[in-house]
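Trainee: Here this note's numbering runs 13 ahead of the position in the sequence shown, where the first position is 1.
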Amino acid sequence: MTQDNTLAFFQGDFVPLKDANISIMNHSFMYGTAVFEGIRAYWSEKNNEMYVFRLREHYERMLDSMKIMYLSDIKYSLDDLCRITVELLQKNAPKTDTYIRPAAYKTVHRVGPSLDNNPSDICMFTVPFGDYFHGQAGLKVQVSSWRRVEDNAIPARAKIVGAYANTSLAKTDALMAGFDECIVLSEDGHVSEGSAMNVFMVKNGKLITTSSTENILEGVTRRTIIEMAAQDLGIPCESRQIDRSELYIADELFFCGTGAQIAPIIEIDKRPVGTGTAGPISTMIKDKYIKVCRGEVPKFAHWLTPVYADLKTEIKK
Ligand code: PMP
């Protein structure tokens with residue numbers, strides 16, 4: 014299927030992506046009041062199967078984001094959202110790594126920012142999606158002069174469209190200054206996260222990541238690493254406040270996120286991280302994570318939703 018006849022889920026139906034359009038008077042377009050998720054599905058050539066990574070966890074977070082933004086009046090349950098996603102993938106039938114972008118948005122056409130008396134709906138599309146950082150062995154990163162949105166301004170734990178203006182400003186300045194990415198601090202000067210990814214540090218053989226109260230989006234990938242560290246890797250892992258200067262003396266640093274996957278950082282504010290190459294723990298986690306996503310680690314197969322499995326059983330019947 015080409016992008017021209019790709020389907021989207023829009024206004025309760027599967028429709029051609031080119032027909033899934035909203036008005037310039039849409040509330041969420043005018044005020045950034047939609048919330049969204051970024052989910053990955055991985056193609057396994059070996060198993061002739063597509064695996065959606067931690068589908069339910071993404072929708073659990075989306076339902077939380079929706080609650081914060083008064084978007085909870087939709088008629089779809091967690092199970093419905095998972096089922097629609099699998100159905101959309103089955104209809105589009107990709108055989109390549111794919112990004113799934115569901116959103117919940119306000120449908121009313123009216124001027125005025127308030128969220129009440131404004132019904133919500135769900136939409137969703139899929140696009141082919143390869144590596145976010147193409148072919149880079151490690152990233153050169155700056156600490157941004159922009160600060161992360163505060164919980165009492167725009168809560169970062171909700172994936173709110175409007176908050177991504179903050180992300181865009183930080184990311185653009187980093188790219189224009191010749192860096193690959195940035196780390197954004199909270200207003201009080203502590204480490205928050207990357208532009209669209211969480212950050213981990215390795216110090217003396219221990220993994221350390223920022224706590225959930227540091228104005229971060231609590232990443233599904235971050236949680237995956239914390240769980241893998243405890244259940245599989247045997248590496249101690251701690252969530253706590255991190256100072257900016259701790260980044261400069263870390264043995265290893267890496268980003269994690271659905272888009273970025275695991276992305277080692279080799280330079281921070283012009284200082285080499287460790288030896289200035291991707292460190293052994295970051296590299297090991299990166300390799301393991303991809304194997305998990307492609308269905309090559311039975312122990313973590315419960316994190317994957319196979320897309321074509323029930324179609325194959327139907328054909329066999
Ligand atoms: N922080 C922000 C601001 C993000 O946009 C993302 C990407 N969704 C993440 C962290 C990482 O979250 P996840 O691992 O769930 O993709």
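Glycine is no exception: its CB is placed at the ideal position from the N, C-alpha and C atoms.
Keep in mind the model is a prediction, meaning the values are calculated, not measured.
If the criterion is Cβ atoms closer than 8 Å, does the pair residue 314 and residue 146 meet it?
Mentor: Going by C-beta atoms, residue 314 is not nearer than 8 Å to residue 146.
Trainee: For residue 40, I'd like the list of residues in its chain whose CB is within less than 7 Å of its CB, leaving aside the five on either flank, ordered along the chain.
Mentor: Within the same chain, residue 40 has close Cβ partners 46, 119, 121, 123, 131.
Trainee: Per DSSP, which residues does residue 207 bridge with? Please list them.
Mentor: DSSP lists 196 as partners of residue 207.
Trainee: Contact defined as beta carbons within less than 8 Å: I believe residue 255 pairs with residue 210. What is the distance between those atoms, to the nearest angstrom?
Mentor: Actually they are not in contact, since the Cβ atoms of residue 255 and residue 210 sit about 15 Å apart, beyond 8 Å.
Trainee: With distances taken from CA atoms, which of 84, 24, 161 is nearest residue 182?
Mentor: For the residues 84, 24, 161, the minimum Cα distance to residue 182 belongs to 161.
Trainee: Looking only at DSSP bridge pairs, what is residue 111 linked to?
Mentor: In the DSSP output, where bridge partners are listed per residue, residue 111 has 54, 141.
Trainee: Less than 7 Å between the CB of residue 46 and some heavy atom of ligand 1, yes or no?
Mentor: No - ligand 1 has no heavy atom lying nearer than 7 Å to the Cβ of residue 46.
Trainee: With DSSP as the reference, label residue 126 as helix, strand or coil.
Mentor: It is coil, neither helix nor strand.
Trainee: Classify residue 200: buried if its beta carbon has 16 or more other beta carbons within 10 angstroms, exposed otherwise.
Mentor: Flag for residue 200 reads exposed.
Trainee: So, with DSSP's three-state summary, where would you put residue 168?
Mentor: DSSP places residue 168 in coil when its eight states are reduced to three.
Trainee: Assuming residue 155 and residue 187 form a contact by the criterion Cβ under 8 Å, report the distance between their Cβ atoms to the nearest whole angstrom.
Mentor: About 5 Å; that satisfies the 8 Å criterion.
Trainee: State whether the segment 128-143 contacts the segment 284-302, with contact taken as three or more CB pairs (one from each stretch) at a distance under 8 Å.
Mentor: Judged by Cβ distances under 8 Å, the segment 128-143 makes no contact with the segment 284-302, as fewer than three pairs qualify.
Trainee: Taking 8 Å as the cut-off, does the segment 90-105 touch the segment 316-325 (at least 3 CB pairs, one atom from each stretch)?
Mentor: Contact holds: three or more Cβ-Cβ distances are below 8 Å.
Trainee: So, residue 237 versus residue 52, is the Cβ gap smaller than 8 Å?
Mentor: For residue 237 and residue 52, no; Cβs fall outside 8 Å.
Trainee: In angstroms with no decimal places, state the Cα-to-Cα distance between residue 144 and residue 273.
Mentor: So the alpha carbons of these two residues sit roughly 7 Å apart.
Trainee: Would the beta-carbon of residue 171 be found less than 7 Å away from any heavy atom of ligand 1?
Mentor: Answer for residue 171: no, Cβ out of range of ligand 1.
Trainee: Return the first residue and the last residue of the alpha helix (DSSP H) that residue 42 is part of.
Mentor: Counting along the chain, the alpha helix (DSSP H) containing residue 42 begins and ends at 40-44.
Trainee: By how many angstroms is the C-alpha of residue 283 removed from the C-alpha of residue 258?
Mentor: Roughly 13 Å separates the two Cα atoms.
Trainee: Please report the residue range of the beta strand (DSSP E) in which residue 251 lies.
Mentor: Residue 251 -> beta strand (DSSP E) spans 250-252.
Trainee: Going by beta carbon distance, what residues of the same chain come within less than 7 Å of residue 269, once the five residues before and after it are set aside?
Mentor: If we look at residue 269 and ignore the five residues flanking it on each side, its Cβ neighbours are 210, 211, 213, 232, 234, 235, 238, 275.
Trainee: Can you have a look at residue 19 and say buried or exposed, based on whether 16 or more other CB atoms are within 10 angstroms of its CB?
Mentor: Residue 19 is buried by the Cβ-count criterion.
Trainee: Three-state secondary structure (DSSP) at residue 307?
Mentor: Note: residue 307 maps to coil in three-state DSSP.
Trainee: Nearest to residue 159 by CA position, among 191, 196, 73, is which residue?
Mentor: Of 191, 196, 73, the residue nearest in Cα terms is 196.
Trainee: Of the residues 36, 264, 292, which one's Cα is nearest the Cα of residue 151?
Mentor: For residue 151, the nearest C-alpha among the options comes from 292.
Trainee: Tell me whether residue 209 counts as near ligand 1, meaning its Cβ is closer than 7 Å to at least one heavy atom of that ligand.
Mentor: Residue 209: yes, Cβ under 7 Å from ligand 1.
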